[in-house]
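Adding 426 to a residue's 1-based position in the sequence shown gives its number in the working numbering.
The structure under discussion appears below in the form of structure tokens.
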Amino acid sequence: MLPASVGNLSTSLEKIFASDCQIKGGIPNDIGNLSSLIYLYLYGNRLTGPIPGTLDRLGRLQELSLANNRLKGSIGDSLCELQNLGNIYLGENQFSGLVPKCLGNVTSLRGIKLNSNRLSSNIPLSLGNLKDLLELDLSSNNMSGSLPSEIGNLKVAIRIDLSHNQFSNGIPREIGDMQNLIHLSLAQNKLQGSIPDSIGSIPSLEFLDLSNNNLSGSIPMSLEKLQYLNYFNVSFNSLQGEIPFSGPFKNLSSQSFMFNKALCGAPRFRVPPCPTSSNHRSKKKKLLLIVFPLLGAAVIIVFVTLAFMWMRYRREGNVPVEADLLATMERISYYEIIQATNDFSESNFIGSGSFGSVYKGILRDGTTIAVKVFNLQAEGAFKSFEIECEVLHNLRHRNLTKVISSCSNLDFKALVLEYMPNGSLEKWLYSHNYFLDILQRLSIMIDVARALEYLHHGCSTPVIHCDLKPSNVLLDENMVAHVSDFGISKLLCEDESDLHTKTLATFGYIAPEYGREGLVSLKCDVYSYGIMLMETFTRRRPNDEIFDGDLSLKKWVSDSLPEATIKVVDANLLMPEDKKFMDKVDCVASIMKVALDCSAESPEERINMKDVVGMLQKIKIQLLSCSTTTAEVNLKTDEAALLALKSYVTSDTYNILTSNWTSTTSVCNWIGLTCGSRHQRIITLDISNMGLIGTIPPHLGNLSFLVSLDISSNGFQGILPRELANLHRLELINVTSNKFTGDIPSWFSLLPELQHLHLAFNSFTGIIPPDICNASKLESLVLGFNQLQGEIPNEIGNLQNLTWLSLGSNQLTGSVPLSLYNISSLQRLVLTKNSLSGNLPVGEIPQEIGNLRNLEILDAQNCSLSGPLPSSISNLTSLQSLNLYGNNLSGTLPRYICLNMPDLRAFDLGNNLFSGNIPKEFGNCSSLSDLFLRENNLTGELPREIGNLFNLGRLDLHSNFLTGPIPSTIFNMSNIRGISFLGNFFTGSLPSDIGLRLPNLEELYLGYNNLTGAIPNSLSNASNIFRLGIGYNDFSGHFPRSFGNLRRLEYLNVNGNHFTREPSSPGLTFFDSLTNCRHLRKLWIGYNPLNGNLPASVGNLSSSLDYIYAVNSEIRGYIPSEIGNLSGLSFLLLQGNYLSGFIPRTIGNLKNLQA
């Protein structure tokens, strides 16, 4: 529990992050004493009670997250006092009452999430005042009333979710005013009227769900303009007319339009064709044939006129030579940047500098960008942004970073730049596994020199970069260099040769006069370039630890020339065995001479960048003349090996190798291959999922630089050739899902770098060779779904780096070796479907399995394991999935499971011999999504605490001996999708609001219990149900007509109850409602006292229906001839009734009938 003393923490405290900590009890009022608090995160705990009114004292609070707890009461007006609040997250609690109107006065709000509560008010009109609101989520409540037109005032909103409520009346046309909206869900309400045309004017919309309402009219053709729409659902409405056929509708399926009144359109939508559409389109086409030529002529006239005026305007000298780059680029909004960078997530982070950070992003059109976000808290950041905008305003050059757009307001400033996939020159010089050869380094430095030449001599206003260094040189996909970061650059006005500045650049690269006097000129850039040129070829930073006292990088290089050049140059660049070694040394010496001329002490003595470009170009020509062809020869070896592989392929299903692996293109450009940057040899061979059939040739053993071999998901067969053992650099071998046979090769142990070995889904036989355990760097060993026999070798414990071990679905025997439990790094252990015997470690070795403290997945289903679960399993505190289904485990269920495994999501102990009660402590497994305890010998009542599992998606307890009523709390699990209590001894009735409380339910199995009472009509509100089994109970009352509202229903079993027909008609009128269930496949209504006639409407049941079981149901009268319409019927079982008359001839239409 949170103690009252939390309020005595430091008054300087700004952030509290205590999420997913299993904190119980209420939030103490004393928390209001923390007056400096900015962030309060308590989501994912077990907090109860109301929100303390003292929160209104937290005047600086910007983020409040109390989601996923058990808080109750109303959302008080006290939160409205927090005028700095940016985001409020109170979803997944038990709040009731109204949404405070005063929230509309908190204009700083960016996000409101109140989903999955019990709120019952209208949407306050005042929320329309929140001009900066990005997200509004009120889904899964009991809110009602109309959607206010004021919602259109949320013009910057990107996500609105009002689904699963009781909103009624029409959708306001003002919703189209939200031009930045990406996600809109109004599903599962009672909305009426038509879909507004204005939705088609929301250009950014990607997700639109209007399903399960009462909407009528047609689908607006304006929606065809939504080019980014990838999810659209209007199922279960009363729409009619033609389904649009262009734009995003080209990629939609019938699932988007199910169960509407009278939709028509293309066959792929599984609706009737529109009878007049062809005539309409024909007339439209004729009209276009007349209009388009006239329109085209008008456009040409206007274009020629404008071109003439433009040329005249240029001649008169009124147009500047350089374009206004930022003004003419497409605008990119802040919200597009948020989406592109995944909200500036850590996974998108590229790097940081003095004034901000850079993130990778992907725009909606697929363009990859880099976003430089300025840290406005840093001194000089505002000025840096302004300088970059001013400088880049008029610059355009191949070797300068291209600016796509900018985004600026009072509290956010960013530049959107062209993304450079190869990173910086600094990375390539100093990072592991990156290498630039001598020619690449020279080419990059020539690119940089050209950029400086343009800045200094090619612009109407010369630009001084002021901070030239390797981290500011970026490389594109072709290794072309681009100079970046103009944050402290200077513009030289006319008649100026130098400027004074107080901003210092990076130590080691700045010119002497810059460092002493703050005097900058073009020659300062030349000096920095000279230092960087030396650094690039020596691979020594100017502040390297070897430079101390009087020794600097420049002096070190100067003292070496010309005789000792080899002593300072990067040792990886020049090889003494190279025949052209001395020629290359001379070239490097010449490069160093240029560098020294650039970095002369006096600015007047330094050469200019025009001369630098010319000198380095001449050196490059000399270097090309003495280049070796060794790499080309080696690459031919790789090519020969790969062409041999191609020749061993007997079937190339997709024609990939046939058309692409040819000698007319470089092997480095072949599909599935990657060449290393250093040696230009094949390092990656990935031909997975290419539909190839054949064998693997021994020639692949010549790919001596290969690091990764992935041929998975093909049809290769035979054995893996012994020659692959020559590939000493191999780190990954993946041959999963092929048809390889024979023993697992023992030569895998000869691969010293092997980290990942995946051989699953083949036909390998024999034992697991103990030698394989000598590959000590193995991190994943996946051998499942083969035909392996014998025992798991004791040597498995040698693999101390192993994180994933999968041996499932083989024929392994014996016990699990104790050494396996010493692999403390193990995270995933899969032993399923073997014939392993013995207990999990208990008794004299109780702690061994507990050593696997990093284990996240333990799967040992169907392994013949026996005995009780050891207490030491509680040490597996990282466990997320525990599957021990189908063994012979016994004893009682351990109470500690949920206390010690807070991240447990999937728990399956089904089909074992466990007995006793289900511990109420299982209700503490707050992360559980799947709980399977089926087919055991469990007794007693189901603990009401199980209803606390609000994240539970599936609960399966079938075939036990559970008794008593089903706890009412079970029906509070609003996220649950599947419940199976089949084959127990539950009693009592179902709650009247079951369908309202379980809106996401898809499968419900309650058969073979002792349940009583009527079936609540509200069950039809759980409209996602497609399987419903309530047979063999004591349910009574009229057969529920509300079943007809379950329009996704495929399986309905009500056998063995006491259902009767409605007395108002002699016919079984419930069949009329079941005709709405167009997916119904199986129907069991036997052993009920229905006492009525089969109506003609039975012939209107789903065309998918293949099974009718209506035995001993007191059905009277004759069999209607319409039953012959059920063309898919395989079984029609009507015995034991009171039917009379003739067998209808139409039975002969049932061509699939078997019984």
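Ideal placement from N, C-alpha and C gives every residue a C-beta, glycine not left out.
Residues bridged to residue i by DSSP?
i: Cys1101; result: Ile1108
i: Glu668; result: Cys690
i: Glu1367; result: Thr1389
i: Leu1315; result: Gly1293
i: Tyr785; result: Phe775 and Val797
i: Val1256; result: Ser1232 and Asp1285
i: Cys885; result: Bridge partners of Cys885: none, in fact.
i: Lys1165; result: Gln1143
i: His908; result: Leu900
i: Thr1438; result: Asp1460
First and last residue of the alpha helix (DSSP H) that includes residue i?
i: Thr964; result: Leu948 to Thr964
i: Thr1084; result: Ile1082 to Asn1086
i: Ala1015; result: Phe1007 to Cys1024
i: Trp1606; result: In the structure as shown, the chain starts at 427 and stops at 1581, and residue 1606 therefore has no counterpart that could be examined.
i: Ser810; result: Ala807 to Leu818
i: Thr991; result: Thr991 to Val994
i: Ile1047; result: Met1035 to Ser1051
i: Leu1500; result: Phe1496 to Leu1500
i: Glu939; result: Pro938 to Glu943
i: Arg1453; result: Arg1453 -> not in any alpha helix (DSSP H); beta strand (DSSP E) instead, spanning Arg1453 to Gly1455.
i: Gly643; result: It is not in any alpha helix (DSSP H) - Gly643 instead sits in the beta strand (DSSP E) that spans Asn640 to Gly643.
CA-CA distance, residue i and residue j?
i: Ser1103; j: Ser1073; result: 28 Å
i: Cys833; j: Ala840; result: 5 Å
i: Asn1551; j: Leu1494; result: 18 Å
i: Phe443; j: Leu492; result: 11 Å
i: Gln866; j: Val899; result: 14 Å
i: Tyr469; j: Gly451; result: 13 Å
i: Gly1366; j: Ile464; result: 49 Å
i: Asn555; j: Leu580; result: 8 Å
i: Lys853; j: Tyr845; result: 16 Å
i: Leu1158; j: Ile1137; result: 11 Å
i: Glu1270; j: Arg1254; result: Reliability of the predicted coordinates at Glu1270 is poor, the pLDDT of 29 falling under 50, and the value obtained from them is presented with this limitation in mind. Distance between the alpha carbons of Glu1270 and Arg1254: 25 Å.
i: Lys993; j: Ala766; result: 48 Å
i: His1105; j: Asn1280; result: 39 Å
i: Asn541; j: Asn1377; result: 14 Å
Go through its chain and collect everything with a Cβ distance to residue i's Cβ below 6 Å, but skip five positions before and after it.
i: Ser572; result: Asn595
i: Gly779; result: none
i: Glu1582; result: Given a span of 427 to 1581 for the chain in the structure shown, any question on residue 1582 remains unanswerable.
i: Phe1497; result: Pro1521, Ser1523 and Val1524
i: Asn1309; result: Asp1285, Gln1287 and Asp1334
i: Gly667; result: Ser644
i: Ala1151; result: Trp1173 and Leu1176
Give every residue of the same chain whose Cβ lies closer than 7 Å to the Cβ of residue i, excluding the five residues on either side of it in the sequence, and list them in chain order.
i: His823; result: Ala877 and Tyr880
i: Tyr1564; result: Glu1540, Ile1541 and Arg1542
i: Pro1196; result: Pro1219 and Glu1221
i: Lys616; result: Gln592, Phe593, Ser594, Asn639 and Asn640
Quick check on the DSSP output: the beta strand (DSSP E) that includes residue i runs from which residue to which?
i: Lys1508; result: Lys1508 to Trp1510
i: Tyr761; result: Per DSSP, Tyr761 belongs to no beta strand (DSSP E); it is in the alpha helix (DSSP H), Tyr760 to Ala766.
i: Gln618; result: Lys616 to Gly619
i: Val983; result: Not the beta strand (DSSP E): Val983 falls in the alpha helix (DSSP H), residues Leu979 to Ser986.
i: Ile1405; result: Gly1404 to Ser1406
i: Ala1563; result: A small fix is needed here, since residue 1563 is Asn in this sequence, not Ala. Here Asn1563 belongs to no beta strand (DSSP E), and DSSP marks it neither H nor E.
i: Asn1479; result: Tyr1477 to Asn1479
How about residue i: is its C-beta nearer than 7 Å to some C-beta of chain C?
i: Leu1368; result: Reference to chain C is not applicable here, since this structure consists of a single protein chain.
By Cβ distance, which residues of its chain are closer than 8 Å to residue i, with the 5 residues on each side in sequence left out?
i: Ile1420; result: Phe1397, Pro1442, Ser1444, Leu1445 and Ala1448
i: Gln1561; result: Val1537 and Asn1538
Whole runs of the beta strand (DSSP E) within the segment 465–504, excluding any shorter than 3 residues: 465–467, 472–475, 489–491 and 496–499
3-residue-minimum beta strand (DSSP E) runs that sit fully inside the segment 525–562, ordered along the chain: 537–539
3-residue-minimum beta strand (DSSP E) runs that sit fully inside the segment 836–865, ordered along the chain: 838–844
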